[in-house]
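Colleague:
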Amino acid sequence: MSIAIRYFSKFGHTEKMVGIITELTGVKAETVAVPLTEPVDTLYLGSGVLLGKVNGAVVDFIKTLKPEQVKMVICFGSCAIIKSPVPQMRQLLEAQGITVSTQEFTCKGSMGPLHAGHPNAKDMEDFKKFVQSTL
Ligand SMILES: Cc1cc2nc3c(=O)[nH]c(=O)nc-3n(C[C@H](O)[C@H](O)[C@H](O)COP(=O)(O)O)c2cc1C
170 MSIAIRYFSK FGHTEKMVGI ITELTGVKAE TVAVPLTEPV DTLYLGSGVL
220 LGKVNGAVVD FIKTLKPEQV KMVICFGSCA IIKSPVPQMR QLLEAQGITV
270 STQEFTCKGS MGPLHAGHPN AKDMEDFKKF VQSTL
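Each residue of the sequence shown is one higher than the last, beginning at 170 in the numbering used here.
Structure representation (structure tokens):
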């Protein structure tokens, strides 16, 4: 199964999470600034949220994707106020005709004192179990 990992991380939270995917898959993670060049079976796509939205760089990356290039996307991320960044990514991906896995992961991500310390060790443990369940 071919795998690619792309993420956007303003404060390093998503970056911390992608480290786990790399650890489990041996695949190097790249930011969304790096386009996909090869077809992949599974793309892990992660992001946090700022001002209620995933970053424009994530939106731009998704717009470069084609269904014949990506069999399935697994979305994950963290946030402090809204429920999850995943529905935003899902909507954009599906608008491109891309299959998005029903398996998704969201945890708290700190915003100053709000949810301070998240994603924490437990979040990382949960995320590791999640990634294992997708492999
Ligand atoms: C300045 C700032 C603004 C944020 N704005 C939001 C927001 O509008 N909604 C929300 O749910 N989370 C918000 N967050 C929480 C981030 O989404 C959370 O920290 C996330 O883990 C960031 O992931 P990243 O470091 O990978 O970008 C904000 C955090 C900061 C520091």
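Each residue gets a CB set at the ideal place from its N, CA and C atoms; glycine is no exception.
#1: Going by DSSP, what residues sit across from Val-173 in a beta bridge?
#2: Can Glu-184 be considered in contact with ligand 1, in the sense that its beta carbon sits closer than 7 Å to one or more heavy atoms?
#3: So, are the CB atoms of Lys-232 and Gln-260 less than 8 Å apart?
#4: Starting from Gly-246, follow the alpha helix (DSSP H) in both directions and report where the run begins and ends.
#5: If I measure Cβ to Cβ from His-182 and keep anything under 7 Å in the same chain, skipping five residues before and after, which residues do I get?
#6: Rounded to the nearest angstrom, how far is the Cβ of Met-258 from that of Ile-189, given a contact under 8 Å?
#7: Give the secondary structure of Leu-261 by DSSP, where H, G and I count as helix, E and B as strand, and everything else as coil.
#8: Compute every distance between the C-beta of Leu-220 and the non-hydrogen atoms of ligand 2, then say whether any falls below 7 Å.
#9: Look up Ala-226 in the DSSP assignment and say whether it is helix, strand or coil.
#10: Does the contact criterion of 3 or more C-beta pairs under 8 Å hold for the stretch 194-210 versus the stretch 249-256?
#11: Please name the residue in Lys-298, Met-280, Glu-263 and Lys-222 whose C-alpha comes closest to that of Val-239.
#12: With DSSP run on the structure shown, which of helix, strand or coil describes Phe-274?
Modeller: Taking the geometry as given:
#1: By 1-based counting over the sequence shown, the position of residue 173 is 4. It should be pointed out that residue 173 corresponds to Ala in this sequence rather than to Val. Beta-bridge pairing links Ala-173 to Leu-212.
#2: In the sequence shown, residue 184 corresponds to position 15, counting from 1. Between ligand 1 and Glu-184, a heavy atom-to-CB distance of less than 7 Å is present.
#3: Mapped onto the sequence shown, residue 232 falls at position 63. Mapped onto the sequence shown, residue 260 falls at position 91. No, Cβ-Cβ distance for Lys-232 and Gln-260 is not below 8 Å.
#4: Counting from 1 along the sequence shown, the entry for residue 246 is found at position 77. That residue, Gly-246, is in no alpha helix (DSSP H); its beta strand (DSSP E) goes 239-248.
#5: The residue labelled residue 182 in the question sits at position 13 within the sequence shown. Closer than 7 Å at the Cβ level, and outside the excluded window around His-182, lie Gly-217, Ser-247, Gly-278 and Pro-288.
#6: Locating residue 258 in the sequence shown gives position 89, where the first residue counts as 1. Locating residue 189 in the sequence shown gives position 20, where the first residue counts as 1. A Cβ-Cβ distance of about 18 Å is found for the pair Met-258 and Ile-189, leaving them out of contact under the 8 Å criterion.
#7: As a working mapping, residue 261 is identified with position 92 in the sequence shown. Correct three-state label for Leu-261: helix.
#8: No copy of ligand 2 appears in this structure; the ligands present are ligand 1.
#9: Within the sequence shown, the letter at position 57 stands for residue 226. In the displayed model, Ala-226 falls within a helix according to three-state DSSP.
#10: The stretch 194-210, when compared against the stretch 249-256, does not touch it at the 8 Å Cβ threshold.
#11: Here the question's residue 239 lines up with position 70 in the sequence shown. Comparing alpha carbon positions, the residue from Lys-298, Met-280, Glu-263 and Lys-222 closest to Val-239 is Glu-263.
#12: By one-based count along the sequence shown, residue 274 stands at place 105. When DSSP states are grouped into helix, strand and coil, Phe-274 belongs to the strand group.
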